[in-house]
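Asks: Just so we're aligned: the sequence shown equals residues 1252 to 1428 in this note's numbering. Idealized CB from N, CA, C, for every residue including glycine. Below you'll find the structure I mean.
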Amino acid sequence: MMGTLGARRGLEWLLGLYFLSHVPITLLLDLQAVLPRELYPVELRNLLKWYAKEFKDPLLQDPPTWFKSFLFCELVFQLPFFPIATYAFFKGGCKWIRTPAIIYSVHTMTTLIPILSTFLFEDFTKASGFKGQGPKTFHERLTLISVYAPYFFIPLMLLLFMLRSPHYKYEEKRKKK
């Protein structure tokens, strides 16, 4: 019993840290592509430029409209959820987080499929829509995928945890006759 409880609490803490870390990443980096440039100090704009160039991330160098739509969803739907999820998982045992966590995890994994597919299969030559920006070698593609992969695999882990954990399953309440 104690081993199961310890594993559950460990996973809840990992998820709490994931959601807590997501707040500054979203606010300070990701949303630069959709919010007015003036909101960000030059140091943060330079940090994003450095990252995009260093990791050859074409989606953040010159974000296509479809990617901006994902970032808009991150702003409107995910960002408000992050502090709620942080609280729920650090507190532990909050059964009410199950349905929102399932929705978050499925939504996030769904957005990562076209992103990861772009990194794997897109032709990043100058003739493409990415104007020659992006990874050229297989190693560069894998490096970029490794940056984004946790945002697929941690939500997958969250989804399985919410669906499989006996602690987070709702029990039907039956009325007494």
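How would you label HIS1332, buried or exposed, when you count the other beta carbons within 10 angstroms and need 16 or more for buried?
Replies: Correcting the residue identity first, residue 1332 is Phe in this sequence and not His. It is buried - the Cβ of PHE1332 has at least 16 other Cβ atoms within 10 Å.
Asks: Starting from the C-beta of PHE1270, find all residues in its chain whose C-beta is less than 6 angstroms away, skip the five residues before and the five after it, and write them out in chain order.
Replies: Correct list, in chain order: PHE1333, ALA1336, THR1337.
Asks: Which of the three DSSP states is assigned to LEU1395 in this structure?
Replies: If DSSP states are grouped into helix, strand and coil, LEU1395 belongs with the helices.
Asks: Excluding five sequence neighbours on each side, which residues of the same chain lie with their C-beta closer than 7 angstroms to the C-beta of VAL1285?
Replies: If we look at VAL1285 and ignore the five residues flanking it on each side, its Cβ neighbours are LYS1319, LEU1322, PHE1323, LEU1326.
Asks: With H, G and I counted as helix, E and B as strand and the rest as coil, what does DSSP make of SER1416?
Replies: In this structure, SER1416 counts as coil in the three-state DSSP scheme.
Asks: Would you check if the stretch 1352-1363 and the stretch 1272-1290 touch, i.e. whether three or more CB-CB distances between them fall below 8 angstroms?
Replies: Flag = no, the stretch 1272-1290 and the stretch 1352-1363 do not touch.
Asks: Looking at LEU1299: is its Cβ nearer than 9 angstroms to the Cβ of LEU1311?
Replies: Taking 9 angstroms as the Cβ cut-off, LEU1299 and LEU1311 qualify as a contacting pair.
Asks: Could you tell me whether the stretch 1358-1375 touches the stretch 1405-1422, using the rule of 3 or more Cβ pairs below 8 angstroms?
Replies: Short answer: they touch.
Asks: Hey, how far is the Cα of PRO1314 from the Cα of LEU1414?
Replies: Computed Cα separation, rounded: 34 angstroms.
Asks: Are there 16 or more other CB atoms within 10 angstroms of the CB of MET1253, so buried, or fewer, so exposed?
Replies: Caution applies to MET1253, whose pLDDT of 49 falls short of 50 and renders its modelled position unreliable; the model cannot decide the point.
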